[in-house]
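Q: Residue numbers (the working numbering): 327 to 628. Structure in structure tokens, see below.
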């Protein structure tokens with residue numbers, strides 16, 4: 327019987343699929359941009375090229391994050407995923423600048439004439455369909471494994487779906503308008519490219535926010551903290567109270583630590599067993615969580 331893949335293996339396989347799909351799409355979009363002389367298709371090629379770089383970074387970050395803690399990284403390597411997400415978003419913003427620069431230049435120079443527009447439409451359709459399936463797969467694995475690197479990659483591809491669809495519609499409008507004798511319709515091409523850039527910018531800012539929160543050790547979302555606190559309240563009969571609950575996240579790993587107040591006469595062995603029990607319950611509640619509980623005796627005046 328084939329063993330079930332681990333969370334790390336699932337993440338790495340998903341990242342590899344993203345790498346190969348982005349490689350293929352970048353190549354065909356770049357070829358189509360050269361043939362059609364379309365700046366909107368060129369912007370999509372740049373978009374997919376950066377998606378490829380982002381997918382490679384996610385693949386490498388996920389592989390690194392799977393490594394166990396060592397002497398130099400005693401809390402593990404989870405933040406490599408967070409850094410990957412931040413770097414990916416910065417790369418997207420670089421692409422936006424290039425898109426705007428090229429598009430505005432085309433509008434100023436008036437060099438907006440397109441050829442073989444139907445080929446460009448076909449490439450955009452293929453790109454949208456491929457990225458729909460790959461992004462769905464990435465979102466599914468990202469949710470199952472809590473991977474910010476895969477989630478960032480999935481958002482890249484989901485954005486690519488919408489931008490490819492937008493370019494497809496724009497090229498179709500250019501074909502129709504040109505056949506009606508409206509030569510100025512070719513100016514739509516750089517304008518569509520600028521619209522693509524604006525959509526990409528929004529996605530990049532969202533990924534930046536998510537990655538930055540992990541890198542600066544922001545606390546877990548209020549919903550997750552509330553789940554932890556509810557679990558502790560369920561165990562109140564076994565201890566006197568708790569305080570200094572702290573949480574953070576690095577990649578798919580969560581870190582939880584707190585001070586647990588127990589009866590002053592509770593034997594050490596029983597206190598230790600209680601901590602083991604609580605840590606196991608928290609890990610069941612939040613997979614991949616590392617839990618640290620500091621036990622202290624209840625003061626007489628409490």
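The C-beta atom is built at its ideal place from N, Cα and C for all residues, glycine as well. Please read all numbers here as calculations on a predicted model, not as lab measurements.
With contact counted as at least three CB pairs below 8 Å, one residue from each stretch, are the region 333 to 350 and the region 467 to 486 in contact?
A: yes
Q: Would you mind sorting residue 443 into buried or exposed? The rule is 16 or more other CB atoms within 10 Å of its CB.
A: Taking the first residue of the chain shown as 1, we reach residue 443 at position 117. With 16 or more other Cβ atoms within 10 Å, it is buried.
Q: CA-CA distance, residue 590 and residue 526?
A: In the chain shown, residue 590 corresponds to position 264, counting from 1. In the chain shown, residue 526 corresponds to position 200, counting from 1. Roughly 58 Å separates the two Cα atoms.
Q: Please state the DSSP three-state secondary structure of residue 400.
A: Taking the chain shown and counting its residues from 1, the one referred to as residue 400 is at position 74. Low local confidence applies: a pLDDT of 49 at residue 400 is under 50, so the model's placement there is unreliable, with the coordinate-based value given in what follows. Three-state DSSP puts residue 400 in coil, outside helix and strand.
Q: Measuring CB to CB, does residue 447 end up less than 8 Å from residue 503?
A: The residue labelled residue 447 in the question sits at position 121 within the chain shown. The residue labelled residue 503 in the question sits at position 177 within the chain shown. No; because the gap between Cβ atoms is not below 8 Å, this pair is not in contact.
Q: Report the rounded CA-to-CA distance for residue 539 versus residue 367, giving the unit in angstroms.
A: By one-based count along the chain shown, residue 539 stands at place 213. By one-based count along the chain shown, residue 367 stands at place 41. The alpha-carbon atoms of residue 539 and residue 367 are separated by roughly 34 Å.
Q: Between which two residues does the alpha helix (DSSP H) carrying residue 559 extend?
A: On the chain shown, position 233 is the one that residue 559 refers to. Looking at the DSSP string, the run of the alpha helix (DSSP H) that includes residue 559 is 548 to 560.
Q: Looking at the structure shown, is residue 623 part of a helix, part of a strand, or coil, going by DSSP?
A: Position 297 of the chain shown, counted from the start, is the residue given in the question as residue 623. Strand.
Q: What's the C-alpha gap between residue 621 and residue 586?
A: Looking up residue 621 in the chain shown gives position 295. Looking up residue 586 in the chain shown gives position 260. Roughly 5 Å separates the two Cα atoms.
Q: Just curious, the beta strand (DSSP E) that residue 445 is in, first and last residue?
A: The residue you call residue 445 lines up with position 119 of the chain shown. Segment 443 to 471 is the alpha helix (DSSP H) holding residue 445; no beta strand (DSSP E) there.
Q: Hey, residue 370 and residue 453 are a contact pair by Cβ (cut 8 Å); roughly how many whole angstroms apart?
A: To locate residue 370, count along the chain shown from 1; it is residue 44. To locate residue 453, count along the chain shown from 1; it is residue 127. Confirmed, about 7 Å.
Q: Between 456, 479 and 545, which lies nearest to residue 532 when the distance is taken from Cα to Cα?
A: The count along the chain shown starts at 1 and reaches residue 532 at position 206. The shortest C-alpha separation from residue 532 is found at 479.
Q: Using the rule of at least 16 other Cβ atoms within 10 Å of the residue's Cβ for burial, across every protein chain shown, is residue 482 buried or exposed?
A: Your numbering for residue 482 matches position 156 in the chain shown. With 16 or more Cβ atoms within 10 Å of its Cβ, residue 482 is classed as buried.
Q: Note down, in chain order, each residue of its chain lying with its Cβ closer than 6 Å to the Cβ of residue 581, except the 5 sequence neighbours on either side.
A: Here residue 581 is taken as the residue at index 255 of the chain shown, counted from 1. Cβ within range, chain order: 574 and 616.
Q: Nearest-angstrom Cα distance between residue 422 and residue 523?
A: In the chain shown, counting from the first residue as 1, residue 422 sits at position 96. In the chain shown, counting from the first residue as 1, residue 523 sits at position 197. About 5 Å.
Q: Taking 8 Å as the threshold (C-beta atoms), are residue 341 and residue 381 in contact?
A: To locate residue 381, count along the chain shown from 1; it is residue 55. To locate residue 341, count along the chain shown from 1; it is residue 15. Residue 381 places its beta carbon less than 8 Å from that of residue 341.
Q: What does the alpha-carbon distance come out to for the pair residue 460 and residue 345?
A: Walking along the chain shown from the start, residue 460 turns up at place 134. Walking along the chain shown from the start, residue 345 turns up at place 19. In a straight line, the C-alpha of residue 460 is about 10 Å away from that of residue 345.
Q: Can you find the residues in the same chain that come closer than 6 Å, C-beta to C-beta, to residue 491, ignoring five residues on each side of it along the sequence?
A: What you label residue 491 is simply residue 165 of the chain shown in a count that begins at 1. Contacts found: 454.
Q: Please classify residue 484: does DSSP put it in a helix, a strand, or coil?
A: Here residue 484 refers to the residue found at position 158 of the chain shown. Helix at residue 484.
Q: Do you know offhand how far residue 550's Cα is from residue 431's?
A: Taking the first residue of the chain shown as position 1, residue 550 is located at position 224. Taking the first residue of the chain shown as position 1, residue 431 is located at position 105. Their Cα atoms are separated by approximately 49 Å.
Q: Could you round the C-beta distance between residue 611 and residue 554 to whole angstroms and report it? I think they count as a contact, below 8 Å.
A: Translated into the one-based positions of the chain shown, residue 611 becomes position 285. Translated into the one-based positions of the chain shown, residue 554 becomes position 228. Residue 611 to residue 554, Cβ: 7 Å. Contact.
Q: Is it the case that the Cβ atoms of residue 557 and residue 607 are separated by a distance below 8 Å?
A: Numbered from its first residue, the chain shown carries residue 557 at position 231. Numbered from its first residue, the chain shown carries residue 607 at position 281. Against a cut-off of 8 Å, the Cβ pair of residue 607 and residue 557 comes out as a contact.
Q: Please classify residue 567: does DSSP put it in a helix, a strand, or coil?
A: Working through the chain shown from its first residue, we reach residue 567 at position 241. Three-state DSSP puts residue 567 in a strand.
Q: Return the bridge partner residues of residue 356 from the DSSP annotation.
A: As a working note, residue 356 is residue 30 in the chain shown. In the DSSP output, where bridge partners are listed per residue, residue 356 has none listed.
Q: What's the C-alpha gap between residue 546 and residue 552?
A: In the chain shown, the residue the question calls residue 546 occupies position 220. In the chain shown, the residue the question calls residue 552 occupies position 226. So the alpha carbons of these two residues sit roughly 10 Å apart.
Q: Could you name the residues of the same chain whose beta carbon sits closer than 6 Å to that of residue 519, not counting the 5 residues immediately before and after it, in chain order?
A: One-based indexing of the chain shown puts residue 519 at position 193. The answer, listed in chain order, is 365, 366, 369, 425 and 429.
Q: Quick test of your reading: residue 378 and residue 537, contact by CB under 8 Å. State the CB separation rounded to the nearest angstrom.
A: As a first step, residue 378 must be located in the chain shown, where it is residue number 52. As a first step, residue 537 must be located in the chain shown, where it is residue number 211. Not a contact, Cβ separation roughly 19 Å.
Q: Would you report the Cα separation of residue 451 and residue 352, rounded to the nearest angstrom?
A: Here residue 451 refers to the residue found at position 125 when the chain shown is read from its first residue. Here residue 352 refers to the residue found at position 26 when the chain shown is read from its first residue. Each residue's Cα considered, the two are about 14 Å apart.
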